[in-house]
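Asks: Residue numbers (my numbering), protein chains in the order written: chain V, 1161 to 1563; chain C, 23 to 220; chain R, 48 to 278.
Every residue, glycine too, gets a C-beta built ideally from N, C-alpha and C.
All values reported here derive from a predicted model rather than from experimental measurement.
Pasting in a structure now, in structure tokens, and then I'll have a few things to ask.
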Amino acid sequence: MKGLTDWINDRLPFRELAREHLTEYYAPKNFNIWYVFGSLALLVLVIQIVSGYFLLIHYQPNEDAAFDSVQTIMFDVKWGWVLRYTHTTGASMFFIVVYLHMFRGLMYGSYRKPRELLWIIGFIIYLTLMAEAYLGYVLPFGNMSFWGGKVITSIIEAVPYVGDWLGSLARGGFGIGTPTLNRFMGMHVVLVPLVLIALVAVHVLALHKVGSNNPDGIEIKEHPGPDGKPLDGIPFHPFYTVKDIFGTCVFLTAFCAIVLYAPTMNGLFIELANYTPANPLKTPPDITPAWYLAPFYAMLRSVPNKLGGIGALGLAVILPFFLPWLDRNPVKSVRYRPVYLGMLAVLVISVFVLGWIGMQPASPALLLPGRIFLGLYLLFFLTLPVVSHFEPTKQVPQRVNMS
Amino acid sequence: MSDNQIDEKRRKFLTTVTSVVGAAGAGLAATPFVKSMEPDASVQAASTTTVDIGAIGPGEQVTVKWQDKPVFIVNRTPEMLATLKKVTPELLDPDNKLPQQPPYCNNMYRSRKPEWFVMVGVCTHLCCTPTFKPQQGSVNPKWLGGYHCPCHGSFYDLSGRVFKDVPAPRNMAIPEYEFTDNDTKIKITSLYPKSKLC
Amino acid sequence: MKYAAALIALTCIMSAAVVQAQEAQVSLKSPHYSFDRQTLIRGAKLFVDRCLTCHTLKYLRYSRVGEDLGLSKAQVKNMLMAPANAEYHAGMINTMRPGDATKWLGAAPPDLTLEARYRGTDWIYTYLKSFYVDSSRPSGWNNHVFPHVAMPDVLAMLGGERDRQGKLIKQGSLNQEQFDQVVADLTAWLQYTSDPSKIQRMSLGPWVIGFLVTLSILTYLLKRVYWRAVH
């Protein structure tokens, strides 16, 4: 056996890779629970690809057959409900995990130099994920799938000059129908997953190049021991492999509890309005997107002007890219930045409220709160350069805190 | 020093136990996904085929698709039935010794009613679909009527019984079937479990 | 900070109040039933007797119902396979043609397999109890939960006829409690049809979660023994 592994390792760089990225890749020893979500995100990606493949075997991307093919999966395919509920639970869990992962970055300044590119790649992954989720949501071709599909393709048409042409490329026809399902399926199953996998690989490479941040926001590489390894660092394998495996088991327990006991989450994970087939002649009384897109939908609706709404949405999505340069304070972690903590709290509350607003039926009474919290969201980023320059901070320790 | 040794032993033990339990879990988790590839309930629903035999004239054969296989239904004339005794000496298994038909078809006619012949049209050699050759003398001057398989040249009589000295080893299979709707329809339900197609 | 909290609270209350005002329709009542075999069999029989003539359950096969409710093929055939075109492995369809349905009733009765997910069990329960006599409608019936519905009150013989204010103008064969039970059984049955997997999920649940909790404990112990080396 050892002869075989030696033969392979003489011809492929597995041993070197394992050393460079696992056994001799040093990570800070003070990771807390906020640091489990990266590996969980990777896990959910795998879950989605596997469950998605098995769904693909039974799905039919034809406007007359799509909805029925999903019911075939639920009613006729052996264990079909496992396939479908795993995939829908995975979709929502993907966003929960990614939002928590991003929030960790916001809290501890993981977007700061030298991790700017890591943050940017991560944010691109987030946007790609939103596209993937939207494409997947149209496929079951319930009535919400249809009208949600229509809403987004009409946003594409708002692009000046080429909007209509782009919209026709997206739809493949006059409305959302078989050509749309065919190309959305191609994108959802092949194109975007490949892009996601490539982005995730580059994301991890970018991380390993500079090493991870930590809850105290101090650079462990600045304090090497006599062997040249960071004093506050431990090899990723076995310490974080074993810790992440534990985190995985806890996560899977919650995941399976949802699949088994509450797969629709009372309409939050699987929208109940989608349990009726697509009807081009009948718009549902309320078209609301899935919960993970709701904050952005609320922003869109808060600005009645079509282009203005898209502009506000665009700004909300572009500003986070510049975070590494908007934040000018030398201190990274929220543990030592009480003012930044307050700003973060406002941001979080704004996103939650906007999310709630985005899930309500459209109402004139929601315009004002929507605008207020959209404003607060944008102000977080716009005021950060000034505030971070002047904000008082606490004393940052030299070495990490293990708590 | 001994602390490290104890740790190593505990590490190894827990790693082994966890790996075994984890592997068992992974196997259990994989089961629904693998099983989901098995034919689903809609396939079960399509497992029977009902044929209206009203339009099949005397001496005519109709081919229907049943479970993605061809089934021949022939409205046999008295002349056709008369040939069955005559060809008996040239047949490999004229008395249906092999269980290629349900018990109620274990006769010379290999059918419930002599005139209505139902057979799975799959050559028992290598699964081709034999050609219906009812015309006397159409295959060779001594030919009394039956089937000829174009792939490797096997011959069968008008009850699907295989001739001697041809590649095919068995009579073609008779499926389980019943007459329904006041004998105006034939419903093909399943393969007789002991029979072999090809 | 305080002002922000107050503003947020005020906004939430305001929005909630407005949204509620917009939904000033019928308040939906919840049925009370235990989701067990007997309830579902009763509901199935009721559905086949009174609903299947017009409403199909096309995604649900008779054979599946038999498996899930522990009924033999003979029992399914006798109790449930009422329409002339019923086949054991096929879905629960009826003999009504869509063209006829629209002609007779004004609109084709929808397939109800997924209705309980689409509308919710509260909606279905309340809907079936909210019919009232209305001579201005072609069917002679109207409904508080679904105004101007084309469906007549098929349960009127059981639950009686009510006027618009809810007063009983003609007694049915059941009293209020019995009628509520019948409607609850039907609702339970429709809850089952919208997701037959629930039965299997409930039975698997404790085992899967139990296994995962065990594995979590094991992996925690594993993590702890390795992390003793970290200070």
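Can you give the Cα-Cα distance for residue 107 of chain C and residue 91 of chain C, rounded to whole angstroms?
Replies: Cα-Cα distance, rounded: 29 Å.
Asks: Anything in the segment 1369–1403 of chain V with a Cβ closer than 8 Å to a Cβ of chain C? List those residues in chain order, please.
Replies: Of all residues in the segment 1369–1403 of chain V, none has a Cβ within less than 8 Å of some Cβ in chain C.
Asks: Any idea if residue 267 of chain R is buried or exposed, counting beta-carbon neighbours within 10 angstroms, 16 or more meaning buried?
Replies: So residue 267 of chain R counts as buried.
Asks: Going along the chain, which unbroken runs of the alpha helix (DSSP H) with 4 or more residues stay wholly within the segment 1426–1502 of chain V?
Replies: Whole alpha helix (DSSP H) segments, 4+ residues: 1454–1462, 1466–1478 and 1483–1486.
Asks: What residue range does the beta strand (DSSP E) around residue 1394 of chain V cover?
Replies: Unbroken beta strand (DSSP E) run through residue 1394 of chain V: 1393–1395.
Asks: Since residue 1259 of chain V and residue 1377 of chain V are thought to touch, with beta carbons under 8 Å apart, how far apart are those beta carbons, to the nearest angstrom?
Replies: Not quite, the Cβ-Cβ distance comes to about 21 Å (not below 8 Å), so this is no contact.
Asks: Does residue 165 of chain R come within less than 8 Å of chain V when only Cβ atoms are used?
Replies: Yes, residue 165 of chain R lies at the interface with chain V (some Cβ there is under 8 Å from its Cβ).
Asks: Could you spell out the range, first to last residue, of the alpha helix (DSSP H) harbouring residue 1380 of chain V?
Replies: No alpha helix (DSSP H) holds residue 1380 of chain V; DSSP gives it neither H nor E.
Asks: Can you pull the chain R neighbours of residue 1410 of chain V, defined as C-beta to C-beta under 8 Å?
Replies: What residue 1410 of chain V touches in chain R: 263.
Asks: Assuming contact is defined by CB atoms lying nearer than 8 Å, are residue 200 of chain R and residue 178 of chain R in contact in what I supplied?
Replies: Against a cut-off of 8 Å, the Cβ pair of residue 178 of chain R and residue 200 of chain R comes out as a contact.
Asks: Distance, Cα to Cα, residue 131 of chain R vs residue 100 of chain R?
Replies: Using only the alpha carbons, I get a separation of about 11 Å.
Asks: Hey, is residue 36 of chain C's beta-carbon within less than 8 Å of any beta-carbon in chain R?
Replies: Output row for residue 36 of chain C: interface = yes.
Asks: For residue 33 of chain C, go through chain R and note every residue whose CB falls closer than 7 Å to its CB, in chain order.
Replies: Within chain R, the residues near residue 33 of chain C are 272 and 273.
Asks: At a Cβ threshold of 8 Å, is residue 268 of chain R touching chain C?
Replies: Yes - at least one Cβ of chain C is within 8 Å of the one on residue 268 of chain R.
Asks: Would you say residue 1235 of chain V faces chain R, with C-beta separation under 8 Å as the test?
Replies: For residue 1235 of chain V, the answer is yes, since a Cβ of chain R falls inside 8 Å of its Cβ.
Asks: Using a Cβ-based criterion (distance less than 7 Å to any ligand heavy atom), does residue 114 of chain C qualify as near the ligand ADP?
Replies: What this structure holds is no ligand at all, so the ligand ADP is not there to describe.
Asks: Nearest chain V C-beta to residue 45 of chain C closer than 8 Å, yes or no?
Replies: No, because no Cβ of chain V sits closer than 8 Å to the Cβ of residue 45 of chain C.
Asks: Where does residue 88 of chain C fall in DSSP's three states?
Replies: Residue 88 of chain C: strand per DSSP, three-state reduction.
Asks: If you measure from the beta carbon of residue 108 of chain R to each beta carbon in chain C, is any gap under 8 Å?
Replies: Yes, its Cβ sits closer than 8 Å to a Cβ of chain C.
Asks: Could you check which residue in C/212, C/216 and C/179 has the C-alpha nearest to that of residue 70 of chain C?
Replies: With distances taken between Cα atoms, residue 70 of chain C lies closest to C/212.
Asks: Counting only beta-carbon atoms, is residue 1241 of chain V nearer than 8 Å to chain R?
Replies: So yes, residue 1241 of chain V belongs to the interface.
Asks: Residue 212 of chain C lies in the beta strand (DSSP E); which residues open and close that run?
Replies: Start and end: 207–212.
Asks: Decide if residue 1434 of chain V is buried, meaning its Cβ has at least 16 other Cβ atoms within 10 Å, or exposed.
Replies: It is buried - the Cβ of residue 1434 of chain V has at least 16 other Cβ atoms within 10 Å.
Asks: Over what stretch of residues does the beta strand (DSSP E) that includes residue 162 of chain C continue unbroken?
Replies: Segment: none, residue 162 of chain C is in no beta strand (DSSP E) and carries neither H nor E.
Asks: How many whole angstroms separate the CB atoms of residue 106 of chain R and residue 138 of chain R, which I take to be in contact at a CB cut-off of 8 Å?
Replies: 6 Å between Cβ atoms; contact.
Asks: Which chain C residues sit within Cβ distance under 7 Å of residue 133 of chain R?
Replies: Within chain C, no residue comes near residue 133 of chain R; the closest Cβ sits about 12 Å away, beyond 7 Å.
Asks: Three Cβ pairs or more, each shorter than 8 Å: is that satisfied between the segment 1492–1506 of chain V and the segment 1464–1477 of chain V?
Replies: The segment 1492–1506 of chain V vs the segment 1464–1477 of chain V: no contact.
Asks: Starting from the C-beta of residue 69 of chain R, find all residues in its chain whose C-beta is less than 7 Å away, skip the five residues before and the five after it, and write them out in chain order.
Replies: Because residue 69 of chain R carries a pLDDT of 36, less than 50, the predicted location of this residue cannot be relied on, and the following value inherits that uncertainty. Taken in chain order, the list of residues that qualify is empty.
Asks: So for residue 1517 of chain V, helix, strand or coil by DSSP?
Replies: Three-state result, residue 1517 of chain V: helix.
Asks: Sorted by chain position, which residues of the same chain lie with C-beta nearer than 6 Å to residue 151 of chain C's C-beta, five sequence neighbours on each side aside?
Replies: Same-chain partners within the cutoff: 92 and 143.
Asks: At the level of alpha carbons, what is the spacing between residue 1305 of chain V and residue 1315 of chain V?
Replies: Roughly 16 Å separates the two Cα atoms.
Asks: Under DSSP, the beta strand (DSSP E) around residue 1310 of chain V begins and ends at which residues?
Replies: No beta strand (DSSP E) holds residue 1310 of chain V; the alpha helix (DSSP H) holding it covers 1303–1316.
Asks: Which residue comes first and which comes last in the alpha helix (DSSP H) that contains residue 227 of chain R?
Replies: It spans 223–241 - the alpha helix (DSSP H) in which residue 227 of chain R sits, taken as one unbroken run.
Asks: Please compile the residues from chain R whose C-beta is within a distance smaller than 9 Å of the C-beta of residue 1432 of chain V.
Replies: Under the 9 Å cutoff, chain R gives 164, 165, 166 and 167.
Asks: Determine the direct distance from the alpha carbon of residue 1301 of chain V to that of residue 1437 of chain V, and round the result to whole angstroms.
Replies: Between residue 1437 of chain V and residue 1301 of chain V, the C-alpha separation is close to 6 Å.
Asks: Can you give the Cα-Cα distance for residue 1200 of chain V and residue 1396 of chain V, rounded to whole angstroms?
Replies: Whole-angstrom Cα-Cα distance: 16 Å.
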